[in-house]
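The UniProt record's numbering applies: residue 1 is where the sequence shown begins, and numbers increase by one. Ideal Cβ positions, reconstructed from N, Cα and C, are used throughout, including at glycine. The next block holds one structure in the form of structure tokens; read it before the comments.
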Amino acid sequence: MKDLEKNIREILFTENQIKEKIDELGDQITLDYQGKDLLLIGVLKGANVFMSDLMRKIQIPLSIDFIAVSSYGLSTESSGVVKIIKDLDHSIEDKDVLIIEDIIDTGLTLDYLYHNLLSRKPRSFKICTLLDKPERRKADIKVDYKGFDIPDEFIVGYGIDYAEQYRNLPYIAILKKEVYEK
1 MKDLEKNIRE
11 ILFTENQIKE
21 KIDELGDQIT
31 LDYQGKDLLL
41 IGVLKGANVF
51 MSDLMRKIQI
61 PLSIDFIAVS
71 SYGLSTESSG
81 VVKIIKDLDH
91 SIEDKDVLII
101 EDIIDTGLTL
111 DYLYHNLLSR
121 KPRSFKICTL
131 LDKPERRKAD
141 IKVDYKGFDI
151 PDEFIVGYGI
161 DYAEQYRNLP
171 YIAILKKEVY
181 EK
């Protein structure tokens with residue numbers, strides 16, 4: 001971990017702060033989805049850690065599925081061109097879908113996913129994200145459940161990567177610029 005931590009500029013949210021927020025989100029989702037056919041759809045790879053912790057805090061029956069999309073390639077900025085790399089395994093027709101995201105930046109990827117999945121006729125469709133950068137938004141996205149607003153910085157940890165590294169940090173942090181501006 002020391003090799004990764006030397007590239008961290010600042011810790012934004014500690015492991016405990018994240019846990020407390022997930023407890024709150026889990027309680028609210030449990031209340032809101034009583035008696036519904038809840039399907040969590042995790043957006044891979046980044047939302048994997050968040051979704052794993054969140055679903056254990058939701059105290060009603062639920063199903064899960066995953067979708068993987070790409071809009072970044074090798075860049076740190078979204079290209080806006082979205083490709084589905086791994087589609088859902090099951091139909092979402094007549095399900096109460098809750099998309100689970102790690103971070104919403106421009107919203108372009110999520111906007112694409114929203115329209116793509118809405119065409120599959122879910123009963124309801126809502127969005128949950130751990131992190132949100134509202135000042136970077138280029139698409140009109142309504143976030144129904146949100147953990148934290150964050151500054152326009154390059155974020156890593158708790159499932160979020162840079163070049164497939166840093167996902168295993170137990171906290172959320174700002175990466176030093178010199179790491180990704182090489």
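- By the neighbour-count criterion, in which 16 or more other beta carbons inside 10 Å mark a residue as buried, ILE22 falls on the buried side.
- Distance from the CA atom of ASP53 to the CA atom of ILE174, rounded to whole angstroms, is 22 Å.
- Annotation: the continuous beta strand (DSSP E) that includes LYS86 extends over 83–86.
- The alpha-carbon separation between ILE172 and ARG9 amounts to approximately 11 Å.
- Less than 8 Å separates the beta-carbon of PRO134 from that of ASP149.
- Within 10 angstroms of the beta-carbon of LEU98 lie 16 or more other beta-carbons, which makes it buried.
- Spanning the alpha carbons of GLN17 and ARG167 requires a straight line of approximately 17 Å.
- Within its own chain, the residues whose Cβ lies closer than 6 Å to the Cβ of LEU130, once the five positions on either side in sequence are excluded, are PHE50, ASP102, GLY147, listed in chain order.
- In the three-state reduction of the DSSP assignment, LEU12 falls in the strand class, which pools E and B.
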